[in-house]
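Right, one structure below, let's go through it.
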Amino acid sequence: MAAYNRIVLLGPPGSGKGTQGAILAERMGVKEISAGELLRAEVRTGSELGKEIAARIDKGNLVSPELIVRLMVQAFLASENANGFISDGFPRSLEQAEMYEKIENTPEFEGKRIDLALLIDVPDEYIVERILGRSQCTKCGAYYHDKFKPTMVEGVCDVCGGKEFAKRADDTEETVVSRLRVYREATAPLIPYYENKGLLVRVDGTGPIDAVSERIKEIVKY
Ligand code: AMP
610 MAAYNRIVLL GPPGSGKGTQ GAILAERMGV KEISAGELLR AEVRTGSELG KEIAARIDKG
670 NLVSPELIVR LMVQAFLASE NANGFISDGF PRSLEQAEMY EKIENTPEFE GKRIDLALLI
730 DVPDEYIVER ILGRSQCTKC GAYYHDKFKP TMVEGVCDVC GGKEFAKRAD DTEETVVSRL
790 RVYREATAPL IPYYENKGLL VRVDGTGPID AVSERIKEIV KY
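Numbering (this note's numbering), first residue to last: 610 to 831.
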């Protein structure tokens, strides 16, 4: 059993939450739940709600706290049999954290409270390069980066053999600036919030993917 089983990943856009979250979840045998992925899945359905979400995401703005809390709570409860979860990108504001805390204090969440907020620390100068170089396999969702994590065979997904890759619509230079601002204003206050609860641990998010995973392994002790 790992030292922690219900982990919130914090850090600026491009800090590696998605990449490290997927590695961690696989090694721990728990589910990774990505707030951004849940929202993008709704966008792909083409629903009215999806269109509203896309309009927010494409500008780098947050969607309404009620919506994201509802989606995440559903996903957390559905992950119950998986012995825990890794939350990537939620909560993203004090308002969301406080709404979620109320829900966590209900009997349904007994014994299932967040037990670690892991802050992936990456200086601003790394962020733009990390975000602008990244792409995702359209078939299986595996993440790549032109410079830091290219596919082993050019143009072929290492995981599923897929040959199509897409960049996220919000991974543009323009949107990155606004996402960083939203991070500083809305999300960074979660650092002292979790620190006060004794749940915050920082990890250095610079360097190769494997090196960061090793540092995380030392902390989570899986
Ligand atoms: P991510 O995949 O985590 O980079 O998220 C992509 C975008 O989805 C963000 O820039 C927001 O527009 C939206 N989003 C993701 N998580 C949340 C959240 N917890 N609350 C509100 N909006 C979110």
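Where is the CB? At the ideal position from N, CA and C, for every residue including glycine.
The structure displayed is predicted, hence computed values, not measured ones.
Query	Result
Would you decide whether ASN614 is buried or exposed? Buried here means 16 or more other CB atoms lie within 10 Å of its CB.	buried
What do you get for ARG739, buried or exposed, if any count of 16 or more other CB atoms within 10 angstroms of its CB means buried?	buried
Since I believe SER643 is in contact with GLY627 (beta carbons under 8 Å), could you give me their beta-carbon distance rounded to a whole number of angstroms?	6 Å
Verify whether the separation of the beta carbon atoms of ILE834 and GLN705 is less than 8 Å.	Outside the displayed range of the chain (610 to 831) lies residue 834, so it cannot be described from this structure.
Cβ of VAL672 versus every heavy atom of the ligand AMP: is any distance shorter than 7 Å?	yes
In its own chain, which residues sit with a C-beta less than 7 Å from the C-beta of VAL672, not counting the 5 before and 5 after it?	LEU648, ILE662 and ARG665
Taking the beta strand (DSSP E) that TYR753 falls in, what are its first and last residues?	752-754
Specify the secondary structure class of LYS640 as computed by DSSP and reduced to three states.	strand
PRO808 and ILE723: beta carbons closer than 8 Å?	Residue identity differs from the one stated: residue 808 is Leu in this sequence, not Pro. Yes, these two residues count as a Cβ contact at 8 Å.
Would the region 764-779 count as touching the region 744-751 if we require 3 or more Cβ pairs under 8 Å?	yes
Compute every distance between the C-beta of SER643 and the non-hydrogen atoms of the ligand AMP, then say whether any falls below 7 Å.	yes
DSSP has LYS758 in a bridge; who is on the other side?	HIS754
Taking the DSSP output, what are the residues bridged to ASP733?	Paired residues: none, contrary to the question.
Identify every residue that forms a DSSP beta bridge with ARG615.	PHE694
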